[in-house]
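Reviewing the structure listed below.
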Amino acid sequence: MPSIPTRRHSESGRRVPFVILAALYPVLIFVLLVLLRLPVRVISLCVIVLASALFIGGGGGRGKSDWRPLASSVVLVAVGLACFFSNKILFLRLYPVAVNAAMLMAFSLSLFFPPSVIFRLACLSDKGIKGSVAEGRIESYCRKVCVVWCVFFVFNGSAAAYTAFFCSDRAWSVYNGGIAYVLMGLLFAIEYIIRKQVDKKMPKTFYISKFRADSRPDNHIVCYEGKWSDGRCKTWRDFLSDTARMRAAIRQKDSKDWILHCEDYWYFLVTFVALLQCRKTVMLTQNISEAFIAEIKAPGTEFLTDQDSVPHSAGALSVPAILAGSSEPSEQELRDAPPFEAADTDIRMYTSGSTGRAKAVSQRMEEFEQDNAFVISKWGEEFLARKLVTTVSQHHIYGFLFGISLPFSLGVPFRRKRIEYPEEFESLDDEKYMVIATPAFLKRTVDLESCLPMKDCFIFTSGGVLTTELAARTDLLFGFWPVEVYGSTETSGIAWRQSRNGLEWTPFDNARIWKNVDGCLVIVSPYIKNPEGFATSDLVDLLDDGRFLLRGRADSIVKIEEKRISLTEVENRLLQTGLVGDVKVIALEDRRQYLAAAIVLNDTGRQQFAGQKKLAMNNWFHDFLMQYFENVVIPKKWRFVDVLPSDVQGKKHKEDIAALFSDTAARGGSDE
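Quick note on the numbering used here: the sequence shown kicks off at 4 and runs consecutively.
Below you can see the structure in the form of structure tokens.
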């Protein structure tokens, strides 16, 4: 059954006669003038009639896409009329000059008003260029090609003008109808050969759901141990081999649901990929306490880990033992990695949420990879220029996206073990590093006495509030002001900022935001499966330019004796004293509801209160807050500690802070 031509096909069909006419125009003039010896005016009339017929027959004027045939026809008609009234063949011979001049103008103007014509054509033929990690490099290459074509049009137009004014009709026809097209063909061929060589050097993105065995060279380094210069690494072939081993072990079990916890990033990666290849539900958790595992591990659920400390009663399978005890897979098993669809994956991330109680958030690789695509489009070159280290657990969305999924997709080597102590940064002086961190870890790191020897590092941070003061101290230590990413397990990435440029957050390009009646931020993005979007608990001010400011959380607003107070505002006021390094204010209740503040003093604070009793410290902060709040809402209990309890992501949970106030007598001092 013949296919029905689409509008695009019909438009292409209408342009074909004009392409043929442009190519054979010099030959046509040569035949009419030299071979048939027709008078100049007759030839001009033939050109006018032919141009008009082609325009009318091609549907000229019936759409915006017909402007090029229209322009060509107008030029031909104008040339024909000029030739008819002047009775000189020169005007017909100047048509190739006009074409070269028009092309030169179009190509050169696109160099001053980018993107270039060549890049636009490339994007039309390959929809994957826009937003890819190689977009900038491709645009740069296309610009160079555009310059070469401009040079060609100058040369070719000059040669066409010379043959028009000074050469015979035969010579004019030979050059413009033959030699010019041979030169153009040679330029196309040379550029094609060079393009293929350049393409081999272009960075390629292979997402976890889309990679194949031949996506990377066998010796490509996936991860490394210690620091890059140590030379201890795992290659692409190692990755294919270990995922094949894990697939074989997983297939021996009938279970659909698998809990995964691996502190080693390599063990995590190969096991996670193998589970997805086997179409399993992956349950990611940082908490592997016996009670928690017993709570989420239903009958028939398997548990994979690399930790020896996991209780035997949890029934955990050891990833290192499986890999060590497996035979080397055959070359066929190595190369036949089973494909899977990102949209069909089932990943459950256990997060503490705002209440501190664990809950499972369902995710898919489809949304993860869409999130990665935006980060790659904006900061891909920064990743490619560095090796990656992280202080963040890969069992949480931020650590997984930036520490596992992103470097794997880009082919950026990542460190096998996360950085646990700030002093580890002092040894990373051998390479440029991409640092994935949390504000809590940066707060610990800036206490190092001297500047770090790291060179040209780039820092991402998420998972908590990064104060401008802490960002500035990080810049002094690392030589880079951190880029903050705002998001959550439920929403993935939402916005970003670099606070030295202001406190405003810039939404990701594919996110739409607004403020609901409660004053909270609502997001719609490809990462959120609900078409109505996701309503956060974050209070915001929306700005006219599309950015926004965070104003604390709705769940940080409490009522104390009928007076509404923001816990975040109280915390910010305490930080404003210049004596506080960290603080958490919570609402407690026994006979009545009241506020309690847990404070970590900075060096200035410790010096000021050295030797003073706790009651004097309580009174000092009480009197300071009296400048801003009524007495009824000022904290009634105070704790001064060396460090606030937090999880591996640096989040402070109310239950852990409340435990600091559970026994007043044991901790000493009166609170009120």
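Even for Gly, the Cβ is constructed at its ideal location relative to N, Cα and C.
- In the three-state scheme derived from DSSP, where H, G and I count as helix and E and B as strand, A340 is classed as coil.
- Per DSSP, W517 is one residue of the beta strand (DSSP E) stretching across 515-518.
- Between the C-alpha atoms of Q335 and Y268 there is a straight-line separation of about 26 Å.
- Counting C-beta atoms within 10 angstroms of its own C-beta, T607 has fewer than 16 neighbours from the protein chains shown and is therefore classed as exposed.
- Comparing alpha-carbon positions, the option among C153, L604, I141, S495 lying closest to A104 turns out to be C153.
- R421 carries a coil assignment under DSSP once its states are collapsed to helix, strand and coil.
- M106 has its alpha-carbon roughly 10 Å from the corresponding atom of V120.
- In its chain, beyond the 5 residues on either side, L506, E507, W508, V543, D544, L546 have a beta carbon closer than 8 Å to the beta carbon of L552.
- Following the DSSP letters along the chain, one finds C265 in no alpha helix (DSSP H), marked with neither H nor E.
- Here the alpha carbon of R173 sits roughly 14 Å from the alpha carbon of A183.
- Distance from the CA of Q501 to the CA of L263, rounded to the nearest whole angstrom, comes to 34 Å.
- Shortest Cα-Cα distance from L307 to any of P456, R554, A600, F275 involves F275.
- The secondary-structure analysis by DSSP pairs D585 across a beta bridge with V603.
- Pairing T166 with Y178, the inter-Cα distance amounts to about 8 Å.
- With fewer than 16 other beta carbons inside 10 angstroms of its own, N622 counts as exposed.
- Here DSSP, grouped into helix, strand and coil, assigns D349 to strand.
- Proximity of the region 364-381 to the region 465-477 falls short of the contact definition, fewer than three beta-carbon pairs being nearer than 8 Å.
- With the rule of 3 Cβ pairs closer than 8 Å, the region 217-228 does not count as touching the region 423-440.
- Looking at the backbone, the Cα of G83 and that of G180 are separated by about 19 Å.
- Cβ atoms of L598 and V586 stay farther apart than 8 Å, at about 12 Å.
- Nearest to C523 by C-alpha distance, out of T494, R503, R556, is R556.
- Two segments are said to touch when three or more pairs of C-beta atoms, one from each, lie closer than 8 Å; by this definition the region 444-455 does not touch the region 403-419.
- Rounded to whole angstroms, C226 and I560 show a C-alpha spacing of 45 Å.
- For E572, the enclosing alpha helix (DSSP H) starts and ends at 570-578.
- W382: member of the alpha helix (DSSP H) spanning 368-387, first to last residue.
- Boundaries of the beta strand (DSSP E) around I462: 461-464.
- Excluding five sequence positions before and after P648, the CB atoms of its chain that fall closer than 6 Å to its own CB belong to D659, given in chain order.
- Restricting attention to beta strand (DSSP E) runs no shorter than 3 residues, the region 474-498 encloses them at 486-491, ordered along the chain.
- Of the candidates L604, T348, F158, A327, A327 places its Cα closest to the Cα of M249.
- Remark: C-beta atoms of N513 and P534 do not approach each other more closely than 9 Å.
- Looking only at A619, I589, V583, the smallest Cα-Cα distance to I602 is reached by V583.
- In this structure Q280 is buried. Its beta-carbon is surrounded by 16 or more other beta-carbon atoms within 10 angstroms.
- Fewer than three beta-carbon pairs drawn from the region 380-396 and the region 185-203 are found closer than 8 Å, and the two stretches are therefore not classed as touching.
- Here the alpha carbon of V151 sits roughly 14 Å from the alpha carbon of A109.
- DSSP places S244 in the uninterrupted alpha helix (DSSP H) bounded by 239-253.
- The beta carbon of T539 lies closer than 6 Å to those of C523, L524 in the same chain, with the five residues before and after it left out.
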